[in-house]
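Okay, so here's the structure we're looking at.
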Amino acid sequence: GNWGSSQCTASFIASVQDSAGVECSILFPLCGASSDMYHAWKAGCNVVGVEMVREAIDTFWNKLHETGSEIIEVNECQVFVAASGSVPETKPNLEIWKCDFFQFPSTY
């Protein structure tokens, strides 16, 4: 399926770049395989996506040639996290939660 555009809008990229040097966290509900998540992560933001469809999550991780993912079980959710061995320790978090949005923890 088509789970997200491979292009980001110029206004989104400008907004993320404007946040350089400031702690930035972005939640992407119903994220699909959005390239926006990747660009925000590369710009230094902590990125959390929430998606119910495993195919969309796999499509997103397959687009990333520089990192794989580790899967962590949290309650009724699977959390796909950028593999720690392939990302510098100073890199912000990149994770996608596979679950119903209403199961996603409100602490985020």
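If you're matching positions, the sequence shown starts at 3 in the working numbering and goes up one per residue. Cβ coordinates follow ideal geometry from the N, Cα and C atoms, glycine included.
Could you give the DSSP three-state label for residue i: helix, strand or coil?
i, result
"V55", "coil"
"S36", "coil"
"A42", "helix"
"S17", "helix"
"F106", "coil"
"N95", "coil"
"N64", "helix"
Quick test of your reading: residue i and residue j, contact by CB under 8 Å. State the CB separation rounded to the nearest angstrom.
i, j, result
"H41", "V24", "Actually they are not in contact, since the Cβ atoms of H41 and V24 sit about 16 Å apart, beyond 8 Å."
"A35", "T61", "4 Å"
Whole angstroms is fine: what's the gap from residue i's alpha carbon to residue j's?
i, j, result
"K100", "F106", "9 Å"
"S88", "D102", "Note that S88 scores a pLDDT of 49, beneath 50, so its modelled location is shaky; the value from the coordinates is reported in the next line. Their backbone Cα atoms lie some 28 Å apart in a straight line."
"E57", "I28", "22 Å"
"K44", "K65", "14 Å"
"P94", "L32", "21 Å"
"V81", "G46", "20 Å"
"M79", "V55", "According to the sequence shown, residue 79 is Cys rather than Met. Rounded to the nearest angstrom, the two C-alpha atoms are 12 Å apart."
"I74", "S13", "33 Å"
"Y110", "E72", "19 Å"
Do you know whose CA, among the options, lies nearest residue i's CA?
i, options, result
"A16", "D38, P31, F62, F30", "D38"
"V76", "T61, I98, W63", "I98"
"S108", "S13, V52, N48", "V52"
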